[in-house]
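Colleague: Please find one structure pasted underneath; my questions will follow.
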Amino acid sequence: MSSKDSKKADTAKIAELLGNMFSHNTSLKLFHWWITGRGSYAEHIAIDQALESLPDILDRLTETSMALYGDLKITVPKATRPENLVDHCQAFYDYVEDSREFFSENFSDSIIDDWQETKQQLLYRLRRLQ
1065 MSSKDSKKAD TAKIAELLGN MFSHNTSLKL FHWWITGRGS YAEHIAIDQA
1115 LESLPDILDR LTETSMALYG DLKITVPKAT RPENLVDHCQ AFYDYVEDSR
1165 EFFSENFSDS IIDDWQETKQ QLLYRLRRLQ
């Protein structure tokens, strides 16, 4: 295992992050079911496309974390439908980016890169495609 500056992973923060990521995926689905009106089809499809990848990426991050650190006390916060999806996604993107420091190995960064790439594609589609 290659390390990031020989740093120890923060397993409590990793468990919290994983639960928040699961809740975030659910919040996307709640918005997906709610949207109507002009441009809603593009948003609907953009969310569908993101949700084709995000759960699998989360599963990879969870399983590799549990392989490294053992059982994690993951709890999933209640998901709510966001009022502004773009702001919601951007804020969560920033949160995930700041959470990289919780991991001690480099390959978790690669998995997080996949998550962040998918989120940027979603943000692009939400901001630019109607």
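Here the numbering used here is used: the first residue of the sequence shown is 1065, the next is one more, and so on.
The beta-carbon is built from N, C-alpha and C at its ideal position, and this holds for glycine as well.
1. Given a cut-off of 7 Å, decide if Ile1175 and Arg1102 are closer than it, judged by their beta-carbon atoms.
2. Please state if the CB of Asn1089 and the CB of Arg1136 are separated by a distance shorter than 7 Å.
3. Nearest CA to the CA of Met1081: which residue from Leu1115, Trp1179 and Glu1116?
4. Taking the straight line between their C-alpha atoms, what separation do you get for Ser1066 and Ala1106?
5. Helix, strand or coil for Glu1169, going by three-state DSSP, please let me know.
6. Using the Cβ count rule (16 or more neighbours within 10 Å means buried), how would you classify Ala1110?
Modeller: Let me lay it out:
1. Position 38 of the sequence shown, counted from the first residue, corresponds to residue 1102. Position 111 of the sequence shown, counted from the first residue, corresponds to residue 1175. Not in contact: Arg1102 and Ile1175 (Cβ atoms no closer than 7 Å).
2. Against the sequence shown, residue 1136 aligns to sequence position 72. Against the sequence shown, residue 1089 aligns to sequence position 25. The sequence shown places Leu at residue 1136, not Arg. Not a contact, by the Cβ cut-off of 7 Å.
3. Translated into the one-based positions of the sequence shown, residue 1081 becomes position 17. First, the amino acid is wrong: residue 1081 is Leu here, not Met. The option with the nearest alpha carbon to Leu1081 is Trp1179.
4. Numbered from 1 along the sequence shown, position 2 holds the residue referred to as residue 1066. Numbered from 1 along the sequence shown, position 42 holds the residue referred to as residue 1106. With a pLDDT of 47 at Ser1066, under the threshold of 50, the predicted position of this residue should be treated as unreliable, though the coordinate-derived value follows. One C-alpha to the other measures close to 41 Å.
5. The residue you call residue 1169 lines up with position 105 of the sequence shown. Note: Glu1169 maps to strand in three-state DSSP.
6. Reading the sequence shown from its first residue, position 46 is the one you call residue 1110. Burial call: buried.
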